[in-house]
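Counting in our numbering, the sequence shown runs from 199 upward without gaps.
To start, the structure itself, in structure tokens.
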Amino acid sequence: MLKSNRFRLADDEMLDQIHEATVEVLETCGVDFEDETARQIMADGGCDVDGWRIKIPRAILEKTIDQAPSSFTFHGRNDENTFIVGEGQSRPHTDPSFGATRIHDTKTGYRDCTMEDLSNFYKLIQSSDICDIGGGWPVEPADIPVKKAHLHVFREMVRTTDKPLRSFVGTTEEVQEYFELFEIAKGEKGYLDNHTCMFASINPVSPLTYAAFPLQTMIEHAKKKQAICTLTCAMSGISAPMSAMSAAVMQNAEMLAGNVLLQLVNPGTPYIMGPASCRPDMKSGLYANGSPEANMINGLSIQMAVERYKIPVRIMAGITDAKVVDAQAGMETMQTLIHAVMAGAHWIHGCFGSLDSLNSTSYEKIMLGEEAFSRVLRLLDGLQDWDKDTTVSEIINVGPRGTYFMEPTTVMNFRKPWRPTVSTQEAYQNWADAGSKDFSTMARERWEKLLAEAPESILDAETEKAVNDFVEMKLSEA
């Protein structure tokens, strides 16, 4: 089989230049860490620490790059959902969008997100054959209990999905609590000591700063070799240099500084580079992630991760600045998605739900993301194997004005071609007779059907009780 060729922006000399510029930035300028424990770890590891400022020598930077594994096994609570991330993986992996405060409903318009929406998103991702990572915080529920909110979210997470999980940023205590809750749901204390089942996505504060809670999250994850992605969301011309090359250098420095901490805590901790910077709307200063220029900044970072460092890379793609699921949403979703996959990204984040420059979400957008990603996966598969002699014989046998409809190759393979899930290939009259349904209508029907079929909880009664007892105990202590 001939696989599709990769998309490359930079040659090898340019990648070397980006690396050398990164080394110089980290050695002479450095980064700020706002957590004392993290600063002490960096100092003990040989970095130059002065107050919050940390300068990282070349030798330490390059040693920790080498210590980050080129691939790791990402375990689901259900072993059937376990897969490889990085070198040798079978296809690009995906996790859902994160942090939307509003949801667009095709019937009522925009509204605040709720805990029911959070649970529904978990269930839809659990049912998906395309999105293979669950959890996270795809919406910010307006009705979430204030006390120990992370426990309410994580309880719902383990009740509704057994895929590898996205955890979230928290204090040392909070991270330890959801590690413990995961092992209760798994039914095996100490399971996380030997299995990477979670990852947290950490956002540096651009330029060149890590806040305290993200650093605590990184340290606790590294202790158990749970994966960390450092996700830089800088805006060129505002929180990063204006040019794509220069923004890529700063982004590279931010991401790799996080990996230094991880490897100093626990060498071999799974690490994922997460380029997600953008070219903002310079009229308003607002984050704009659908621009083709964002692809250029992050495309350089994908090459650095895949070609120069041999480290898994996760990128936001399938995202849009559109406010509803319309032609703009489809166009920007495919533009960002196809570039990320063809550039060699191991992991895609954001295409399942994200609208409105990450601020909003939509059930229909999850369905759009699924189908868009399935289209790109088919392109990535490339050309199928064929036999020249069989091909020539078949064409001669059918001849001019014939049909291939009953040829053996057609009969054996007619079920294999890609098929849509929420778009249409029907003849006009068939489409009209079925109700003239547009994309949003078909997408809504699909997600409503999937939710109607989804179980309320995938836990057995005994495990469900143990999970609830743990949460209630922790809530009573608060």
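Quick reminder that beta carbons are idealized off the backbone N, C-alpha and C, glycines included.
Rounded C-alpha distance that separates D658 from R275: 13 Å
Buried versus exposed, by CB contacts within 10 Å (16 or more), D554: buried
Y308 - containing beta strand (DSSP E), residue span: G307 to D310
E662 versus I656 - alpha carbon distance: 9 Å
Residue ranges of each alpha helix (DSSP H) within the stretch 558 to 584, 4 or longer: 561 to 579
The stretch 233 to 245 in contact with the stretch 515 to 525 per 3-pair CB rule at 8 Å: no
Bounding residues of the beta strand (DSSP E) (the contiguous stretch that carries I258): Boundaries around I258 are those of the alpha helix (DSSP H), R256 to Q265, since no beta strand (DSSP E) includes it.
Assigned secondary structure, M514 (DSSP; H/G/I helix, E/B strand, else coil): strand
Reduced DSSP secondary structure (H/G/I, E/B, other) of V247: Strand.
contact_flag[the stretch 410 to 418, the stretch 432 to 439] where n(CB pairs < 8 Å) is 3 or more: no
Where S288 falls, given that 16 or more other Cβ within 10 Å makes a residue buried: exposed
C-beta contact flag for A432 and M453 at 8 Å: For A432 and M453, no; Cβs fall outside 8 Å.
Contacting residues, own chain, Cβ-Cβ under 8 Å from H350 (five flanking each side not counted): Annotation for H350: M313, I342, P343 and V669 place their beta carbon closer than 8 Å to its own, counting only its chain and skipping 5 residues before and after.
Residues that P473 bridges to, as DSSP identifies them: The partner list for P473 (beta bridge, DSSP) reads T430.
Rounded straight-line distance, which links the Cα of A503 to that of M471: 7 Å
When D303, R300, H547 and C476 are compared against M494, the one with the closest alpha-carbon: C476
Helix, strand or coil at K387 according to DSSP, with G and I counted as helix: coil
Backbone secondary structure at F205 - three-state DSSP: coil
Same chain, Cβ closer than 7 Å to G243, five either side skipped, listed in chain order: I258 and L462
Beta-ladder partner(s) of L649, from DSSP: DSSP, once it has assigned bridges, lists no residue as partnering L649.
Touch test, the stretch 587 to 597 against the stretch 614 to 622, Cβ-Cβ under 8 Å, three pairs minimum: Too few Cβ pairs lie closer than 8 Å, so no.
Sub-8 Å separation of P339 and F272 beta-carbons: Here P339 is not near F272, since their CB atoms are 8 Å or more apart.
Where E624 falls, given that 16 or more other Cβ within 10 Å makes a residue buried: Result: exposed.
Extent of the continuous beta strand (DSSP E) run through M396: M396 to I400
Validate contact between the stretch 386 to 403 and the stretch 419 to 434 using beta carbons, cut 8 Å, 3 pairs: yes
Rounded straight-line distance, which links the Cα of I216 to that of A525: 36 Å
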